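Participant: Let me give you the structure first, and then I'll get to my questions.
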Amino acid sequence: MGKILKHITIWIIISLAIQFTTLYYINKNYLQAEAAFQTKKIEVKSTKKQEASIDIPVDVQKVMASYDGNFISYCQNNIIKVINTSNGQEKSVKASEGNKISMYKWLPDRHRIIIAEKTAGDNSGSIELKYYDASKDVKDNIERISWSNSESEVEDIQVSPITNLMFLKVKRDSSRTDVYEVNAMNEVTKINISTKLGNIKILPHEDELIYENTYSNNIQTTNKNHSIVFKDIQNPVILGCDNNDNIYIGNLSNGKIDKIYYGSPQNSTDQWQLLNPTEAFNTKDVYISENGEIYVDSPLKKQVQALKSNKITAYAGNLLEMNEKVIISNDNGKLVKTIYK
98 MGKILKHITI
108 WIIISLAIQF
118 TTLYYINKNY
128 LQAEAAFQTK
138 KIEVKSTKKQ
148 EASIDIPVDV
158 QKVMASYDGN
168 FISYCQNNII
178 KVINTSNGQE
188 KSVKASEGNK
198 ISMYKWLPDR
208 HRIIIAEKTA
218 GDNSGSIELK
228 YYDASKDVKD
238 NIERISWSNS
248 ESEVEDIQVS
258 PITNLMFLKV
268 KRDSSRTDVY
278 EVNAMNEVTK
288 INISTKLGNI
298 KILPHEDELI
308 YENTYSNNIQ
318 TTNKNHSIVF
328 KDIQNPVILG
338 CDNNDNIYIG
348 NLSNGKIDKI
358 YYGSPQNSTD
368 QWQLLNPTEA
378 FNTKDVYISE
388 NGEIYVDSPL
398 KKQVQALKSN
408 KITAYAGNLL
418 EMNEKVIISN
428 DNGKLVKTIY
438 K
């Protein structure tokens, strides 16, 4: 009997030892809640672009920007300075030898500038059209216009990248302005417009130019089938156009715009939309975007209001330019880019 109890006791001890050993192993390797883990801090670098700090010279009168604000430019001593706003890299775009830069303008959808240069060495005053691609740092010729004179200056350049058409407004003298069309084949045609011209705008999808006839004080178009006549606007002003070929016309009253009409030149102006801004504004303080938003700057408030969506974007310093995607301003000599809300 004693031997039996002794054997049972031994087997019980062995069984308990095995169970405790197994449980200890499981707890140690699988069920340990308070285990101490070695941690390592991983820093993830931000993918947000860091803008370069860019100084704006005090003697520069006009600063322009590409459609997305990735480049800015200004003309200094007959040289166009083009600056990459991401890295601060500066390129100098010089006029051809003996030429003078009459005007330049950024394309509305790419990093390219159209440049009008006046030739020297004769009395013809020919104008050479060139382009500069800021992304590739390449300058090349487009076409030469020889119908101007030595006093001619290019006042405006209107471009449609969709149709590859370009219109140039060239002031011949104090009383005469000519318009030239350059097509996709770089063929130049003089447009027969016998009037005193104000602002001009090209329709993105059409071979059609909208212009102000300042002699008769109305809005006209190169398409003879379209008529833009308003019954209750005494002083119509072209504000811009959108990518749906809608024209935006402002009513100028006491030097400021107090009403905005917009619609297609294919439709009667009776079918156009009317927008009444909360405050009248200067013509230089408005920008019409491709999607049809109307951005109006309030210089004293230092903010831009989108009239259709009623969103307000504040900016720092003095506004230099509004374009398709950003607001460009000068804050104590430093360039500031502000994204619309």
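Residue numbers (this note's numbering): 98 to 438. All residues carry an ideal CB built from backbone N, CA and C; glycine is no exception. Computed from a predicted model, the values in this text were never measured in an experiment.
Mind pulling the beta strand (DSSP E) runs of 3 or more residues that sit fully within the segment 181-257?
Facilitator: Counting whole runs of 3 or more residues, the segment 181-257 contains the beta strand (DSSP E) stretches 187-191, 197-203, 209-215, 224-230, 235-242 and 250-257.
Participant: Give me the residue from Gly389, Asp206 and Asp156 with the minimum Cα distance to alanine 162.
Facilitator: The shortest C-alpha separation from alanine 162 is found at Asp206.
Participant: How would you call methionine 282, buried or exposed, if buried means at least 16 neighbouring beta carbons within 10 angstroms?
Facilitator: Exposed is the call here.
Participant: Find out if the Cβ-Cβ distance for the pair valine 276, isoleucine 288 is shorter than 8 Å.
Facilitator: Yes, they are a contact pair.
Participant: According to the neighbour-count rule (16 or more other Cβ atoms, all chains shown, within 10 Å of its Cβ), is tyrosine 358 buried or exposed?
Facilitator: So tyrosine 358 ends up on the buried side.
Participant: Could you work out which residue in Thr292, Pro258 and Pro362 is closest to lysine 321 when comparing CA atoms only?
Facilitator: The candidate whose alpha carbon is nearest that of lysine 321 is Pro362.
Participant: For lysine 197, which option in Asn181, Ser249 and Asp152 has the closest C-alpha, if you only look at C-alpha atoms?
Facilitator: Checked all of Asn181, Ser249 and Asp152; the closest Cα to lysine 197 is Ser249.
Participant: With DSSP as the reference, please indicate the residues paired to glycine 337 in a beta bridge.
Facilitator: The partner list for glycine 337 (beta bridge, DSSP) reads Tyr345.
Participant: List in chain order: all unbroken beta strand (DSSP E) runs of 3+ residues lying wholly within the segment 387-419.
Facilitator: As far as the segment 387-419 is concerned, its whole beta strand (DSSP E) runs of at least 3 residues are 391-395, 400-403, 408-411 and 415-419.
Participant: Rounded to whole angstroms, what is the Cα-Cα separation between glutamine 317 and glycine 185?
Facilitator: Distance between the alpha carbons of glutamine 317 and glycine 185: 43 Å.
Participant: Straight-line CA distance for aspartate 156 to asparagine 429?
Facilitator: Computed Cα separation, rounded: 14 Å.
Participant: Please state whether DSSP places threonine 380 in a helix, a strand or coil.
Facilitator: Note: threonine 380 maps to helix in three-state DSSP.
Participant: Beta carbon of alanine 192, beta carbon of asparagine 181: below 8 Å?
Facilitator: No; because the gap between Cβ atoms is not below 8 Å, this pair is not in contact.
Participant: Taking the alpha-carbon positions, what's the leucine 397 to isoleucine 385 distance?
Facilitator: The straight-line gap from Cα to Cα measures roughly 21 Å.
Participant: DSSP has alanine 149 in a bridge; who is on the other side?
Facilitator: None; alanine 149 has no bridge partner.
Participant: If you draw a straight line from the alpha carbon of serine 243 to that of lysine 227, how long is it in whole angstroms?
Facilitator: So the alpha carbons of these two residues sit roughly 14 Å apart.
Participant: Around the Cβ of valine 235, are there at least 16 other Cβ atoms within 10 angstroms (buried) or fewer (exposed)?
Facilitator: Exposed, since its Cβ has fewer than 16 Cβ neighbours within 10 Å.
Participant: Three or more C-beta pairs under 8 Å: does that hold for the segment 370-381 against the segment 349-357?
Facilitator: At 8 Å Cβ cutoff, the stretches touch.
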